[in-house]
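What follows is a short report on a single structure.
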Amino acid sequence: MNVKRVFKPLAVLILMTVAVSSLGLAQTRRHDVSLSYGLVTIDQMADVIEDLVLIVITLGSFYKSEMDFTGAPFLTYHFSRNSRFGFGAAVGGYQSNGTLLNNITEEPVGPFKETNIVGALEIDYRWIMKKGFQLYSGAGFGARFRKGTYTDGDETETYNRTLPTFHLNALGLRFGGKVGFFAEFGAGYKGVINLGLSAQF
Numbered sequence: 004m005n006v007k008r009v010f011k012p013l014a015v016l017i018l019m020t021v022a023v024s025s026l027g028l029a030q031t032r033r034h035d036v037s038l039s040y041g042l043v044t045i046d047q048m049a050d051v052i053e054d055l056v057l058i059v060i061t062l063g064s065f066y067k068s069e070m071d072f073t074g075a076p077f078l079t080y081h082f083s084r085n086s087r088f089g090f091g092a093a094v095g096g097y098q099s100n101g102t103l104l105n106n107i108t109e110e111p112v113g114p115f116k117e118t119n120i121v122g123a124l125e126i127d128y129r130w131i132m133k134k135g136f137q138l139y140s141g142a143g144f145g146a147r148f149r150k151g152t153y154t155d156g157d158e159t160e161t162y163n164r165t166l167p168t169f170h171l172n173a174l175g176l177r178f179g180g181k182v183g184f185f186a187e188f189g190a191g192y193k194g195v196i197n198l199g200l201s202a203q204f
């Protein structure tokens, strides 16, 4: 994973939080709009844990190798009638790229690139709603649209798939008022760690 690609968006989010910290403290929420950046999504984790992943396309059978992943930026909107329970939707995505190895000879044959776009429905529940601090959990379920481009020598194939996906936010912490900084810890399409800014009004 490229370190500059990961930490530059996070630094921007933190600076934005500091810049808007004078907007006051929110005590209730009806609309919650957030922009976040996640690290290590569930399918990226699967690629790493499973060592070499076999891909079967019309060009043949290949393994992924030397994989590099981007972070996962997401835009999320939740609506709440009573401040505590919210529901809404999220959209975002991430990319991976690397080298294809021939399944038989295990020799490199060309590069691959996969772009994933995620659309999901989500729910959340605020366990603690204090002035300037919120503790919450949540979950989401949706679809991942993956476009993969695979090259074997002079031949390139584009392969599209639609896959189910999910996210479980085991623990979320939000600091601030109408605009606040949050950190979420869980597993799924938003990553193991998900950091960002949210506006509640």
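Using the numbering used here, the first residue of the sequence shown is number 4, and each one after it goes up by one.
Where is the CB? At the ideal position from N, CA and C, for every residue including glycine.
Practice prompt. Can you check the region 61 to 109 for any beta strand (DSSP E) of at least 3 residues that lies completely inside it and give the ranges in chain order?
Written response: 63 to 72, 75 to 83, 88 to 105
Practice prompt. Can you grab the Cα-Cα spacing for the pair Ser140 / Tyr66, in whole Å?
Written response: 37 angstroms
Worksheet item: Around the C-beta of Arg134, are 16 or more other C-beta atoms found within 10 angstroms, so that it is buried, or is it exposed?
Response: It is Lys, not Arg, that sits at residue 134 in the sequence shown. Lys134 comes out exposed.
Item to complete: Report the partner residues of Thr165 according to the DSSP bridge assignment.
Response: Phe148
Worksheet item: Could you give the C-beta distance for Thr161 and Pro114, rounded to a whole number, given that I count them as a contact under 8 angstroms?
Response: That belief does not hold up - the Cβ atoms of Thr161 and Pro114 are roughly 13 angstroms apart, past 8 angstroms.
Fill in: Cα-Cα separation between Gly41 and Ala186, rounded to whole angstroms
10 angstroms
Item to complete: Report yes or no: do the region 72 to 81 and the region 94 to 102 share at least 3 C-beta pairs separated by less than 8 angstroms?
Response: yes
Worksheet item: Just curious, the beta strand (DSSP E) that Arg32 is in, first and last residue?
Response: From DSSP, Arg32 is part of no beta strand (DSSP E); its letter is neither H nor E.
Item to complete: In the DSSP assignment, find the beta strand (DSSP E) that holds Asp127 and state where it starts and stops.
Response: 111 to 133
Item to complete: Let me know if Ser39 comes out buried or exposed under the rule of 16 or more other beta-carbons within 10 Å of its beta-carbon.
Response: buried
Discussion item. Are there any heavy atoms of the ligand NAP lying less than 7 angstroms away from the beta-carbon of Phe88, as far as the coordinates show?
Written reply: This structure simply doesn't include the ligand NAP, nor any ligand for that matter.
Fill in: Beta-carbon proximity list for Asn119, same chain, < 6 angstroms, skipping 5 on both sides
Gly96, Tyr97, Arg147, Arg149
Worksheet item: Cα-Cα, which of Ser201, Met132, Lys181, Leu174 is closest to Ala190?
Response: Leu174
Item to complete: With Phe204 as the anchor, note down where its beta strand (DSSP E) starts and where it stops.
Response: Where Phe204 is concerned, there is no enclosing beta strand (DSSP E), given that its DSSP letter is neither H nor E.
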